[in-house]
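> Take a look at this one; I'll ask things after.
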């Protein structure tokens, strides 16, 4: 079990490397990975099931104990992210299904990878899990409405088909995961240790399938989409730090909420694009998986290094203070 825990930790800590490697392999050998695009929805259901399996009563209790931060995260996520995606699509001259793809990225809930990033950044993991849970449970109702509102400027969109898709992909698997976890009781603890790696592997398969069917689009106009996704992602960090700075929130709360808002469920975005529109509508989701993971992991690593440096400085200051006190005692 210790060996598996080490593997689990090493795999999730190096997720950004595996994301880049998966994307490159899908670009180099598209015919090998293209069949995966037909199973994107199933893979998303597996990811959501693992999320339900790992949820605990304490996660929901955290929402009740600290509702303000969770509500603020969902509010920023569902108000700012789709609006900024719409504006950036216009700014970058994106059109049709490609523009719609960026709007879908801005309209989906937070991704489960944000919990791993929060852990890496020494953030408030219970807050991250709670915020992901709330935004995910809201998504069947909110996400189709946002896509129809903003995406309707580029293409005609139906609300109910997406509502049913998100309910099937997100809500049903989470509820099933909760039920299975309840009946397994303590026996589920051993299974839960495997879930982060299992879920991350499913994300990589979603990425491989999405990149492979969008190979030509990525090679011809992918850079513009990647830049648009990157700007959208970085704006999320900026707006969260600005808003939470107004409330004098702690550094831990700021970084946790910034990751939560910025790291969207790009797998769900890709699935909605492929299922209801076209491979081009999944392009931003594929780019987002790469960008969100790389930036999130880099941000988490910088936060951890910053904390370590500050801890070392406090330790050094403490030693210097003790040394001065000792000198004074000897003097007097």
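In UniProt numbering, the protein residues as written are 1 to 332.
All C-beta atoms in this analysis are idealised placements derived from N, C-alpha and C, irrespective of residue type, glycine included.
#1: What residues in its chain sit with their C-beta under 8 Å from that of residue 167, if we drop five residues either side in the sequence?
#2: For the stretch 237-244 against the stretch 176-187, do three or more pairs of beta-carbon atoms, one drawn from each stretch, fall closer than 8 Å, so that the two count as touching?
#3: So who's on the other strand from residue 264, going by DSSP bridges?
#4: Determine the DSSP secondary structure at residue 86, reduced to helix, strand or coil.
#5: Along the alpha helix (DSSP H) that carries residue 171, what are the first and last residues, could you check?
#6: Taking Cβ to Cβ, would you say residue 294 is nearer than 8 Å to residue 74?
#7: Under DSSP, the alpha helix (DSSP H) around residue 217 begins and ends at which residues?
#8: Figure out for me which residue from 157, 212, 257 has the closest Cα to the Cα of residue 103.
#9: Could you spell out the range, first to last residue, of the alpha helix (DSSP H) harbouring residue 54?
#10: For the alpha helix (DSSP H) holding residue 151, just list the boundary residues, first then last.
#11: What residue range does the alpha helix (DSSP H) around residue 24 cover?
#12: Quick one: using the 10 Å Cβ neighbour count with 16 as the cut-off for buried, is residue 67 buried or exposed?
#13: Could you tell me which of 197, 116, 90 sits nearest to residue 153, measuring between CA atoms?
#14: In three-state DSSP terms, what is residue 290?
#15: Nearest-angstrom Cα distance between residue 221 and residue 123?
#16: For residue 48, which residues from the same chain have a beta carbon less than 6 Å from its beta carbon, with the 5 sequence-adjacent residues on both sides left out?
#17: Whole angstroms are fine: how far does the CA of residue 281 sit from the CA of residue 296?
#18: Give a yes or no on whether the C-beta atoms belonging to residue 114 and residue 259 are separated by under 8 Å.
#19: Label residue 45 either buried or exposed according to how many other C-beta atoms from any shown protein chain fall within 10 Å of its C-beta, with 16 as the threshold for buried.
#20: Check whether the Cβ atoms of residue 120 and residue 304 sit closer than 8 Å, and answer yes or no.
#21: Considering only C-alpha positions, which residue in the set 69, 25, 216 is nearest to residue 256?
#22: Do residue 20 and residue 210 have their C-beta atoms within less than 8 Å of each other?
#23: Report the residue from 83, 79, 161, 109 whose alpha carbon sits nearest the alpha carbon of residue 276.
#24: Tell me which same chain residues have a C-beta within less than 6 Å of the C-beta of residue 43, skipping the five on either side of it?
#25: Can you tell me which of the three DSSP states residue 198 falls into?
#26: Beta carbon of residue 85, beta carbon of residue 232: below 8 Å?
#27: Tell me which residues share the same chain as residue 136 and place their Cβ nearer than 8 Å to its Cβ, disregarding the 5 neighbours each side in the sequence.
#28: Using only alpha-carbon positions, find the residue among 278, 314, 313, 270 that is nearest to residue 106.
#29: Distance, Cα to Cα, residue 285 vs residue 310?
#30: Report yes if the C-beta distance between residue 283 and residue 214 is below 8 Å; otherwise report no.
#31: With distances taken between CB atoms, is the gap from residue 55 to residue 133 smaller than 8 Å?
#32: Do you know whose CA, among 143, 163, 195, 76, lies nearest residue 53's CA?
#33: Comparing alpha-carbon positions, which option in 31, 23, 62, 116 lies nearest residue 198?
Reading off the structure:
#1: Taking the chain shown and counting its residues from 1, one reaches residue 167 at position 167. So the qualifying residues of the chain are 140.
#2: no
#3: For the purposes of this step, residue 264 is taken as the residue at position 264 of the chain shown. DSSP, once it has assigned bridges, lists 110 as partnering residue 264.
#4: In the chain shown, the residue the question calls residue 86 occupies position 86. Correct three-state label for residue 86: helix.
#5: Walking along the chain shown from the start, residue 171 turns up at place 171. Careful: residue 171 lies outside any alpha helix (DSSP H) and carries neither H nor E.
#6: Taking the first residue of the chain shown as 1, we reach residue 294 at position 294. Taking the first residue of the chain shown as 1, we reach residue 74 at position 74. Not in contact: residue 294 and residue 74 (Cβ atoms no closer than 8 Å).
#7: The residue given as residue 217 occupies position 217 in the chain shown. 215-246 is the extent of the alpha helix (DSSP H) around residue 217.
#8: The residue labelled residue 103 in the question sits at position 103 within the chain shown. Of 157, 212, 257, the residue nearest in Cα terms is 157.
#9: As a position in the chain shown, residue 54 is number 54, starting the count at 1. Taken as a continuous stretch (DSSP letters only), the alpha helix (DSSP H) holding residue 54 covers 40-54.
#10: Counted from its first residue, the chain shown places residue 151 at position 151. Looking at the DSSP string, the run of the alpha helix (DSSP H) that includes residue 151 is 125-151.
#11: Start at 1 with the first residue of the chain shown, and residue 24 comes out as number 24. Unbroken alpha helix (DSSP H) run through residue 24: 15-28.
#12: What you label residue 67 is simply residue 67 of the chain shown in a count that begins at 1. Exposed.
#13: For the purposes of this step, residue 153 is taken as residue 153 along the chain shown, with counting starting at 1. For residue 153, the closest of 197, 116, 90 by C-alpha to C-alpha distance is 90.
#14: As a position in the chain shown, residue 290 is number 290, starting the count at 1. DSSP places residue 290 in helix when its eight states are reduced to three.
#15: The residue given as residue 221 occupies position 221 in the chain shown. The residue given as residue 123 occupies position 123 in the chain shown. In a straight line, the C-alpha of residue 221 is about 36 Å away from that of residue 123.
#16: For the purposes of this step, residue 48 is identified with residue 48 of the chain shown, where counting begins at 1. For residue 48, where only same-chain residues beyond five positions count, the Cβ hits under 6 Å are 170, 173, 174.
#17: Taking the chain shown and counting its residues from 1, the one referred to as residue 296 is at position 296. Taking the chain shown and counting its residues from 1, the one referred to as residue 281 is at position 281. Between residue 296 and residue 281, the C-alpha separation is close to 23 Å.
#18: The sequence position of residue 114 within the chain shown is 114, counting from 1. The sequence position of residue 259 within the chain shown is 259, counting from 1. Contact flag set, yes.
#19: In the chain shown, the residue the question calls residue 45 occupies position 45. Burial call: buried.
#20: For the purposes of this step, residue 120 is taken as residue 120 along the chain shown, with counting starting at 1. For the purposes of this step, residue 304 is taken as residue 304 along the chain shown, with counting starting at 1. In this structure, residue 120 sits near residue 304, with a CB-CB distance shorter than 8 Å.
#21: In the chain shown, the residue the question calls residue 256 occupies position 256. The residue with the shortest Cα to Cα distance from residue 256 is 69.
#22: On the chain shown, residue 20 is found 20 positions in, with the first residue counted as 1. On the chain shown, residue 210 is found 210 positions in, with the first residue counted as 1. For residue 20 and residue 210, no; Cβs fall outside 8 Å.
#23: The count along the chain shown starts at 1 and reaches residue 276 at position 276. With respect to the C-alpha of residue 276, the residue from 83, 79, 161, 109 having the closest C-alpha is 161.
#24: Looking up residue 43 in the chain shown gives position 43. Hits under 6 Å: 202, 205, 206.
#25: For the purposes of this step, residue 198 is taken as residue 198 along the chain shown, with counting starting at 1. Residue 198: helix per DSSP, three-state reduction.
#26: Numbered from 1 along the chain shown, position 85 holds the residue referred to as residue 85. Numbered from 1 along the chain shown, position 232 holds the residue referred to as residue 232. A contact, by the Cβ cut-off of 8 Å.
#27: Taking the chain shown and counting its residues from 1, the one referred to as residue 136 is at position 136. Contacts found: 48, 51, 109, 110, 170, 174, 265.
#28: As a position in the chain shown, residue 106 is number 106, starting the count at 1. Of the listed residues, the one whose Cα sits closest to residue 106 is 270.
#29: Here residue 285 is taken as the residue at index 285 of the chain shown, counted from 1. Here residue 310 is taken as the residue at index 310 of the chain shown, counted from 1. Distance between the alpha carbons of residue 285 and residue 310: 36 Å.
#30: Here residue 283 corresponds to residue number 283 of the chain shown, with the count starting at 1. Here residue 214 corresponds to residue number 214 of the chain shown, with the count starting at 1. Contact flag set, yes.
#31: Taking the chain shown and counting its residues from 1, the one referred to as residue 55 is at position 55. Taking the chain shown and counting its residues from 1, the one referred to as residue 133 is at position 133. Contact flag set, yes.
#32: Residue 53 sits at position 53 when you count from the first residue of the chain shown. The shortest Cα separation from residue 53 among 143, 163, 195, 76 belongs to 195.
#33: The count along the chain shown starts at 1 and reaches residue 198 at position 198. Of the candidates 31, 23, 62, 116, the one whose C-alpha sits nearest the C-alpha of residue 198 is 116.
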